[in-house]
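Undergrad: In the numbering used here, the protein residues as written are 202 to 692.
Backbone N, C-alpha and C fix where the C-beta goes; we use that ideal spot for every residue, glycine too.
As the structure is a prediction and not an experimental result, all values here were calculated from the model.
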């Protein structure tokens, strides 16, 4: 044992284990047969079940699509069933970084809870009235598995009378996508929630992620017991991207991005059950392209999910896309982590990901359950450096796809001026944060983007930037037609 971890990453035995062979209540076995229709455990499930079921702390490293959600839900609910956990008490708390992932985990928990009558499932995330959260919790007839995002749960813990006391009864804490929960965005909220839980010595903690870095290791040490069982099903020689996913990339100028996307979707649409996910730099850019392609005459139904839409819109659209057998989803990274949409045939990434791990997560929307999938990475010319980061993933270069036949006039398409302008502004902010380009080249690149989406005015100028904002951005001194600066409004 080293650094507080006992390793459990030895190779699997040749014979896979059946759910029918587990020390598992008949309710759980029925759920696997009837609701999930699974016969065999996946590797992560086989390597963690007994440890979790017996109450051990586990840190698990597993890829998206490995069956990790069920690997913690099944032993947790089975244990509560055996121990006859008190009805109405929050016994299991599952934290996830984003609402959509919480809903996905909650859906799996709900399927299990229908068989384990002693269990109830409650999901708490943003976008739902607080009263509905509390009504669902108070109506729970069994021991509660609460799936939540840190923001909503932190708000309840600090503002809802008696809620912190209810969290004080949690027996099992699960942190799903813990690398995200350990990031600057979620770390403090996560730690604040843990403060109102029972101390580490009196609860079981489980940590799941595809990447285990320093931030995760630190968070684990702050939250869990000193010793854990470490389960790693991503070996050093493992292929991060399954062989049944064909990966390709093309590098092209900004002016050709829309044409290549149109061509790629036209090619994909030739398949009877084409189901495509297109991931953009920002939600604003995704919003522009979703509207443009709705008006383009594409054969594919258009779906749209990103942070600029309301929670209800995102939920409804997510369910529609999940149920669809054909269509294209325009989204930002809000949908690229941990979410499972069945039947996705293609993933198109419009620009470089933040990291190699993020690229793999994005690509993981396709090729689920061993099905073939295709991934296309369309890189802007200034993003070519990203190729060095993913050079070991086997991504093949292809000529940029070209439109066959007549392409819609995207530049002249009747889309509201502010939609185009917001896409332009968000692109500037994204590139400033995520590239090493100088300010002048960033603004020139942004103007090329503005031209490609029809955001230039009659005089060929990009959307205006007030003097005050230009100074904040560090572009006020640029004397070039790529920047259109106007006086700030008087206060």
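If we ignore side chains and look at the alpha-carbon of each, how far apart do residue 513 and residue 349 end up?
TA: Residue 513 and residue 349: Cα-Cα distance of roughly 16 Å.
Undergrad: Less than 9 Å separating the beta-carbons of residue 501 and residue 477?
TA: Yes, Cβ-Cβ distance for residue 501 and residue 477 is below 9 Å.
Undergrad: What runs of the beta strand (DSSP E), each 3 residues or longer, lie entirely inside the stretch 473-522?
TA: List check, beta strand (DSSP E) in window: 476-480 and 503-506.
Undergrad: Could you check the C-alpha separation between residue 641 and residue 360 for me, to the nearest Å?
TA: So the alpha carbons of these two residues sit roughly 47 Å apart.
Undergrad: For residue 449, which residues from the same chain have a beta carbon less than 8 Å from its beta carbon, with the 5 sequence-adjacent residues on both sides left out?
TA: Same-chain partners within the cutoff: 575, 576, 577, 578, 596, 597, 598 and 599.
Undergrad: In terms of alpha-carbon separation, which member of 519, 387 and 656 lies closest to residue 623?
TA: The shortest C-alpha separation from residue 623 is found at 656.
Undergrad: Going by DSSP, name the residue or residues bridged to residue 320.
TA: In DSSP, residue 320 forms a bridge with 344.
Undergrad: Work out the CA separation of residue 408 and residue 212 for me, nearest whole Å.
TA: Summary for residue 212: the model assigns pLDDT 40, below 50, so the residue's position carries little reliability; its value from the coordinates is reported in the next sentence. Their Cα atoms are separated by approximately 21 Å.
Undergrad: Can you find a CB in chain B that lies within less than 9 Å of the CB of residue 361?
TA: Of the protein chains in the structure, only one exists, and it is not chain B.
Undergrad: Quick check: the stretch 265-277 against the stretch 232-251, are at least 3 beta-carbon pairs closer than 8 Å?
TA: Yes: at least three Cβ pairs fall under 8 Å.
Undergrad: Within the same chain, show all residues whose beta-carbon is closer than 8 Å to that of residue 401, passing over the 5 residues directly before and after it, in chain order.
TA: Around residue 401: 424, 425 and 426.
Undergrad: I'd like the span of the alpha helix (DSSP H) that includes residue 668, first residue to last.
TA: It spans 668-674 - the alpha helix (DSSP H) in which residue 668 sits, taken as one unbroken run.
Undergrad: If we call anything under 9 Å between Cβ atoms a contact, is residue 582 one with residue 455?
TA: Yes, the Cβ-Cβ distance between residue 582 and residue 455 is below 9 Å.
Undergrad: Measuring CB atoms only, is the stretch 522-537 touching the stretch 465-477, in the sense that at least three cross pairs come out at less than 8 Å?
TA: Taking 8 Å as the limit for Cβ pairs, the verdict is that the stretch 465-477 does touch the stretch 522-537.
Undergrad: Just grab the DSSP bridge partners of residue 449 for me.
TA: Beta-bridge pairing links residue 449 to 577 and 597.
Undergrad: Hey, how far is the Cα of residue 297 from the Cα of residue 562?
TA: Each residue's alpha carbon lies about 15 Å from the other.
Undergrad: Measure from the alpha carbon of residue 704 to the alpha carbon of each residue in 567, 602, 565 and 557, then state which is nearest.
TA: This structure leaves residue 704 out entirely; the chain is present only between 202 and 692.
Undergrad: Which residues in the same chain have their Cβ closer than 8 Å to the Cβ of residue 445, if we skip the five residues on either side of it in sequence?
TA: 568, 571, 572, 573 and 574.
Undergrad: Using DSSP with H/G/I as helix, E/B as strand and the rest coil, what is residue 585?
TA: Three-state DSSP puts residue 585 in coil, outside helix and strand.
Undergrad: Closer than 8 Å is the cut-off here; do at least three beta carbon pairs connect the stretch 627-641 with the stretch 482-501?
TA: They touch, by the three-pair rule.
Undergrad: Residue 528 bridges to which residues according to DSSP?
TA: For residue 528, which the question treats as bridged, DSSP gives the partners 476.
Undergrad: What's the gap between the Cα of residue 543 and the Cα of residue 613?
TA: Cα-Cα distance, rounded: 35 Å.
Undergrad: Kindly identify the DSSP beta-bridge partner or partners of residue 250.
TA: Its beta-bridge partners do not exist; DSSP assigns none.
Undergrad: So residue 633 is in the alpha helix (DSSP H); what residue range does that whole segment cover?
TA: Residues 618-635.
Undergrad: Between the stretch 404-418 and the stretch 218-238, do at least 3 Cβ pairs fall closer than 8 Å?
TA: With the cut-off at 8 Å, the stretch 404-418 and the stretch 218-238 do not touch.
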